[in-house]
Amino acid sequence: MRIPLLIALVSLVAVSASTAMAEETVILNGASAVAGLSEDDLKDYYLGKKSSWPDGSKVVVVVLKEGASHENLLSKLGKSNSQFTTGWKKLVFTGKGAMPEQVGSEDDLVAFVAKTPGSIGFVDAAKAKEGVKAVPVK
Amino acid sequence: MRSRLLLIPSLALLAGTGVAQAMDLGFQIHGFASQGYVQTDGDAYEGGWYGRDTNNAGSFEFNEFAVNVVATPIDRLRIGAQFIAYDLGKYGNDELQIDWAFGEYLIPISDGFDISVVAGRFKTGHAFYNDYRDLDMTRTSVFLPRSVYSASFRDFFLAANGAQVNSNIDAGGFGSFIVSGFLGTQNIDEDQGPLRDVFASGANQSINIGVGFLTTELKNFDYIRVENFNGAHLEWATPLEGMRLKVSSLYADNMEASGTMTATLPVSGFLGASSGQSTETSIDIVVDHWFDITLGAEYVWSDLTIAAEMTSQYYTAKTITGALDFPPFGATPGVDQAGSTTNLANRTLGAYGSATYQLSMLPGAWKRLGVFGAFNWDRSTNPYSDASSYTRTGAVALRYDIVDHFLIKGEFERVQETSSSGARVYGNIFSLKTTFDF
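So the sequence lines, in the order shown, correspond to chains A and B. Oh and the first sequence: position 106 is 126 in this note's numbering, straight run, nothing missing. Oh and the second sequence: position 229 is 694 in this note's numbering, straight run, nothing missing.
1) Along chain B, in chain order, which residues have C-beta atoms closer than 7 Å to that of D60 (chain A)?
2) Would you kindly report the start and end of the unbroken beta strand (DSSP E) that includes H754 (chain B)?
3) So Q629 (chain B) packs on F694 (chain B), CB below 8 Å; how close in whole Å?
4) Please state whether DSSP places Q778 (chain B) in a helix, a strand or coil.
5) Check D127 (chain A) in the structure and name its three-state DSSP category.
6) When DSSP labels each residue in this structure, what does Y430 (chain B) get in the three-state scheme?
7) Can you look up K109 (chain A) in the DSSP assignment and give me helix, strand or coil?
8) Figure out for me which residue from B:R543, B:Q504 and B:V532 has the closest Cα to the Cα of F525 (chain B).
9) What residues in its chain sit with their C-beta under 7 Å from that of V535 (chain B), if we drop five residues either side in the sequence?
10) With a cut-off of 8 Å, do at least 3 Cβ pairs link the segment 578-588 of chain B to the segment 619-629 of chain B?
11) Can you tell me the Cα-Cα spacing of H698 (chain B) and H591 (chain B), whole angstroms?
12) For D579 (chain B), count the other beta carbons within 10 Å of its own beta carbon; 16 or more makes it buried, fewer makes it exposed. Which is it?
13) Please compile the residues from chain B whose C-beta is within a distance smaller than 8 Å of the C-beta of V83 (chain A).
14) What is the rounded straight-line gap between the Cα of T856 (chain B) and the Cα of D601 (chain B)?
15) I want to see whether chain A comes within less than 9 Å of K711 (chain B), judged by CB atoms only; does it?
16) Look at the alpha carbon of F903 (chain B) and the alpha carbon of S714 (chain B), and state the distance between them as a whole number of angstroms.
17) So what does N693 (chain B) bridge to, in DSSP terms?
18) Looking at chain A, which residues of the segment 525-540 of chain B have a Cβ within less than 8 Å of any of its Cβ atoms?
19) Does the beta carbon of M41 (chain A) come closer than 9 Å to any beta carbon on chain B?
20) Would you kindly report the start and end of the unbroken alpha helix (DSSP H) that includes P659 (chain B)?
21) Could you work out which residues of chain B lie near V112 (chain A), taking near to mean beta carbons separated by less than 7 Å?
22) If you measure beta-carbon to beta-carbon, which residues of the segment 122-143 of chain A are closer than 7 Å to chain B?
23) Is the number of C-beta pairs between the segment 859-877 of chain B and the segment 597-615 of chain B that are closer than 8 Å three or more?
24) Examine chain A for any beta-carbon lying closer than 9 Å to the beta-carbon of R543 (chain B), and answer yes or no.
25) What residue range does the alpha helix (DSSP H) around R619 (chain B) cover?
26) Helix, strand or coil: which one does DSSP assign to S77 (chain A)?
27) Rounding to the nearest angstrom, what Cα-Cα distance links V663 (chain B) and G68 (chain A) in this structure?
28) Is it the case that the Cβ atoms of L814 (chain B) and I748 (chain B) are separated by a distance below 9 Å?
29) In whole angstroms, give me the CA-to-CA distance for L62 (chain A) and N893 (chain B).
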């Protein structure tokens with residue numbers, strides 16, 4: 021009787037630890053040559069200051085409409101959701117940028133990045149799959 | 466009106482059918498529609514809202530509609546155009562115009578340093594918010610502070626035709642810089658518009674002919690041309706997160722408005738039966754040099770945005786009027802008035818401070834509520850007559866985002882204008898505006 025209880029407790033702790041340690045990561049299309057990004061790079065790409073990768077290919081930003089991963093991304097960028105959206109509208113309506121693609125789920129985001137060259141997304145690291153590459157942000 | 470009738474259903478169609486983003490085709494379509502209501506009270510003034518005639522009645526002649534398309538056909542190249550129709554009192558009348566239309570090619574120089582070259586009609590980048598003047602969804606207030614964002618220069622500041630070079634420079638621990646400059650020209654409608662009216666005011670003269678004063682006014686302009694219109698700006702995103710500083714400048718020379726003005730003899734005086742008689746002559750208004758420099762600082766800290774900007778403009782100009790010839794009328798002798806040239810120089814100074822706070826502690830949609838306050842101060846001095854005038858305004862605005870792409874906002878502005886004679890007049894401007902974008 022004690023053993024099943026112990027197993028249940030261990031499982032519960034493991035699940036809790038897994039949830040607490042869930043981390044997001046930046047993912048790029050699998051064909052990207054970019055090996056890593058700096059924090060400034062992350063801001064430049066997500067805020068539309070840079071529209072091309074180092075090899076000249078265009079950057080396609082994709083974001084979640086809402087959710088914890090999106091909130092964490094905004095936190096990394098130092099922007100509220102309305103500041104993020106307003107910044108992009110300023111670019112779009114002056115011809116200086118293309119609005120990020122919005123998707124409803126992390127699975128959709130990963131699928132979009134996997135099929136779209138030059139795309140960049142931010143998701144739960146556990147969601148990253150074949151066709152995308154997770155890159156560190158230093 | 467025809468263009469407006471076409472544009473509104475087009476916008477609705479685009480929004481409704483989800484054509485707004487067609488990433489697979491390599492292009493995007495976006496647009497916005499804003500409709501406002503404005504009412505003035507007391508002694509409305511010219512800048513009250515884009516040169517509208519003094520009228521205390523409220524008006525819905527206050528809107529903007531725009532649609533744009535942007536594409537990246539090849540790497541590093543972006544092309545696009547935005548069409549806009551606006552109605553701001555007696556200006557615009559919802560006639561379709563090209564807001565911007567350009568191609569931009571990006572040239573990477575090194576890591577953290579790139580240059581882009583733009584050709585076509587593009588935004589000037591002057592001051593912090595000039596490029597976004599028509600974009601209600603990007604700010605809390607209905608009007609931008611007019612001391613820096615002059616209503617009279619709306620069409621002049623918004624965009625230029627020519628070539629522009631932009632550069633982004635990552636300066637590491639010193640932040641980053643945007644450096645931009647352009648060479649080009651500008652189109653000014655000779656039939657209507659706020660800047661056309663500024664030129665037209667130069668034809669309003671009172672000429673002493675010895676036996677009384679002739680009064681003159683513009684009949685029409687044949688053309689208004691701008692030979693050179695150039696600009697540059699430097700923006701520094703400082704190491705202090707959220708703090709940016711900007712200096713921007715515009716310069717134009719050889720601006721000329723040429724046309725015909727009407728001169729009328731005084732209705733009383735020594736001219737007897739010929740009083741009130743009119744004749745026509747030529748009028749040329751030449752702005753030799755016009756220069757604007759604007760300094761600004763903006764600090765964004767969480768939900769609070771504080772901004773202050775100061776601008777100074779200087780120009781030299783001359784008004785050249787043709788000879789006037791009033792033939793004899795009965796026993797009254799004719800009047801011959803030789804042509805003349807009047808030189809003018811003018812300097813203006815304007816500044817404002819503003820604070821916007823987003824009430825994010827409130828639940829749900831109310832967290833987008835914002836407040837805004839501004840204080841404007843204008844001074845215009847003419848060294849030839851030593852005349853100066855001041856305008857002080859204070860404003861408060863509230864914005865509520867109903868959903869992500871649909872908002873409503875209201876603003877109250879109190880105006881005090883002091884004329885060159887020292888007389889003070891007061892006015893109030895109340896405005897409501899709603900905007901949706903896709």
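Each residue gets a CB set at the ideal place from its N, CA and C atoms; glycine is no exception.
A quick look at the data gives this:
1) Stepping through the first sequence from its first residue, residue 60 (chain A) is reached at position 40. Under the 7 Å cutoff, chain B gives D635.
2) Within the second sequence, the letter at position 289 stands for residue 754 (chain B). That run of the beta strand (DSSP E) goes S743 to W766.
3) Position 164 of the second sequence holds residue 629 (chain B). Position 229 of the second sequence holds residue 694 (chain B). The pair is not a contact, with the Cβ atoms about 12 Å apart (cut-off 8 Å).
4) By one-based count along the second sequence, residue 778 (chain B) stands at place 313. Correct three-state label for Q778 (chain B): strand.
5) What you label residue 127 (chain A) is simply residue 107 of the first sequence in a count that begins at 1. Here D127 (chain A) sits in helix by DSSP.
6) Beyond the ends of chain B as shown, which are 466 and 903, falls residue 430 (chain B); an answer cannot be given.
7) In the first sequence, the residue the question calls residue 109 (chain A) occupies position 89. K109 (chain A): helix per DSSP, three-state reduction.
8) For the purposes of this step, residue 525 (chain B) is taken as residue 60 along the second sequence, with counting starting at 1. Here the closest residue by C-alpha is B:Q504.
9) Here the question's residue 535 (chain B) lines up with position 70 in the second sequence. Taken in chain order, the residues that qualify are F492, Q493, R543 and G545.
10) yes
11) Counting from one through the second sequence, the residue named residue 698 (chain B) turns up at place 233. Counting from one through the second sequence, the residue named residue 591 (chain B) turns up at place 126. So the alpha carbons of these two residues sit roughly 7 Å apart.
12) To locate residue 579 (chain B), count along the second sequence from 1; it is residue 114. Buried, because 16 or more other Cβ atoms sit within 10 Å of the Cβ of D579 (chain B).
13) Counted from its first residue, the first sequence places residue 83 (chain A) at position 63. The premise fails here: V83 (chain A) is roughly 13 Å from chain B at the closest Cβ pair, so nothing lies under 8 Å.
14) Your numbering for residue 856 (chain B) matches position 391 in the second sequence. Your numbering for residue 601 (chain B) matches position 136 in the second sequence. Computed Cα separation, rounded: 24 Å.
15) Position 246 of the second sequence, counting from 1, holds the residue named residue 711 (chain B). Judged by the 9 Å Cβ criterion, K711 (chain B) is not in contact with chain A.
16) Mapped onto the second sequence, residue 903 (chain B) falls at position 438. Mapped onto the second sequence, residue 714 (chain B) falls at position 249. So the two alpha carbons sit approximately 32 Å from each other.
17) Taking the second sequence and counting its residues from 1, the one referred to as residue 693 (chain B) is at position 228. BP columns for N693 (chain B) point to B:D718.
18) A531, N533, V535, T537 and D540
19) The residue labelled residue 41 (chain A) in the question sits at position 21 within the first sequence. Because M41 (chain A) carries a pLDDT of 48, less than 50, the predicted location of this residue cannot be relied on, and no value is offered for it.
20) As a working mapping, residue 659 (chain B) is identified with position 194 in the second sequence. Segment P659 to S666, the alpha helix (DSSP H) holding P659 (chain B).
21) What you label residue 112 (chain A) is simply residue 92 of the first sequence in a count that begins at 1. Under the 7 Å cutoff, chain B gives H495.
22) none
23) yes
24) Counting from one through the second sequence, the residue named residue 543 (chain B) turns up at place 78. Chain A contact via Cβ: present.
25) Looking up residue 619 (chain B) in the second sequence gives position 154. Counting along the chain, the alpha helix (DSSP H) containing R619 (chain B) begins and ends at R619 to L623.
26) Residue mapping note: residue 77 (chain A) aligns to position 57 of the first sequence, counting from 1. If DSSP states are grouped into helix, strand and coil, S77 (chain A) belongs with coil.
27) Counted from its first residue, the second sequence places residue 663 (chain B) at position 198. Counted from its first residue, the first sequence places residue 68 (chain A) at position 48. Taking the straight line joining both Cα atoms gives about 38 Å.
28) Here residue 814 (chain B) corresponds to residue number 349 of the second sequence, with the count starting at 1. Here residue 748 (chain B) corresponds to residue number 283 of the second sequence, with the count starting at 1. Against a cut-off of 9 Å, the Cβ pair of I748 (chain B) and L814 (chain B) comes out as no contact.
29) Translated into the one-based positions of the first sequence, residue 62 (chain A) becomes position 42. Translated into the one-based positions of the second sequence, residue 893 (chain B) becomes position 428. Each residue's Cα considered, the two are about 46 Å apart.
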